Amino acid sequence: EELVRVIPSSWSFQQGAAFMVQGLTAMYGLRSLGHVTKDSTVLITSGAGGVGLFCLWILRSMKGEPNMVSSVVTTVSTLDKKEFLLKTMPFLNPNQIIVRSKKGASYDDQLREALCSLNNQHKKEDDKNTEGFDVIMDAIGGYTFKANYDHLSRGGRLVTFGSADFTPTKDTVNWPKLIWKYLRRPRVDVMSMPSENKGVLGFNLIWSKCQTCTHTCI
């Protein structure tokens, strides 16, 4: 009974289900796996998507709007989505929203510039320096994974919950391209992870116990 909620009369059952799945994914990834705090520096990939929007609103609730400016970066795939976020999330600055490059090296540069921008903001406030992201919510994988991992701070956590880079964008599947991407998919050297003090966590909400999700939402 504690898990049952009444959905708004204007919603369909499909919308109600999607709301819960996206919201719980965001909360479970950020809080239970990412251990995010109000002081964490966070990267949210696909910020204009369902889970990404939930992540940004959760962070806003935790941090407050002033702290969002100096501690959160998000990525989107198009300029239209960036403009959508600027209208939906007016507490975000344009330099906090990356229209990500399709090339890994360029995307790496974009993250580096975003961290430099956060550092400049920190110097205005408390002279603290941001060495990397403490928590990364990654829904893309593929070519973005290595750059995301490389820009984790010591003790940082990369939470992966999707692989949009491998998802066909058209009705027909280009199998040779998909197989090539799969064979070249990013890998992590687990022997180097202890010395780097970084973590990668993957999850799918279907394996989460209701009790865990309930505790996460409280």
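Counted from 1, the sequence shown has number 465 at position 131 by our numbering; the numbering is strictly sequential.
C-beta: ideal position from N, C-alpha, C; glycine also.
In this text the structure is predicted, and so the values were computed from the model without any measurement.
Query                                                                                                                                            : Result
Among D443, K515, M525, V524, which residue has its Cα nearest to the Cα of H485?                                                                : D443
Using the C-alpha atoms, what's the distance from L393 back to M332?                                                                             : No information on residue 332 is available, as it lies outside the stretch 335 to 552 that the chain covers here.
Just tell me which of V407, L517, L413 has its CA closest to the CA of M471.                                                                     : V407
Is it a yes or a no for the region 340 to 351 touching the region 428 to 448, going by three-plus beta-carbon pairs under 8 Å?                   : no
In the DSSP assignment, the beta strand (DSSP E) including M471 goes from what residue to what residue?                                          : 467 to 472
Roughly how many angstroms separate the alpha carbons of N453 and L377, rounded to a whole number?                                               : 14 Å
So, are the CB atoms of K295 and Y477 less than 9 Å apart?                                                                                       : With the chain covering only 335 through 552, there is no way to say anything about residue 295.
May I ask you to verify whether the region 354 to 361 touches the region 376 to 391, counting CB pairs closer than 8 Å and requiring at least 3? : yes
Report the start-end ranges of each beta strand (DSSP E) in the region 368 to 444 that is 3 residues or longer and not cut off at the edges.     : 376 to 378, 406 to 410, 431 to 433
Any heavy atom of the ligand NAD closer than 8 Å to the beta-carbon of L358?                                                                     : You won't find the ligand NAD in this model; it holds no ligand whatsoever.
Provide the residue(s) that pair with G533 in DSSP beta bridges, ordered along the chain.                                                        : R491
In the DSSP assignment, find the unbroken alpha helix (DSSP H) run with K504 in it and report its ends.                                          : Taken as a continuous stretch (DSSP letters only), K504 belongs to no alpha helix (DSSP H), as it is neither H nor E.
Determine the burial state of T422: buried for a count of at least 16 other Cβ atoms within 10 Å of its Cβ, exposed for fewer.                   : exposed
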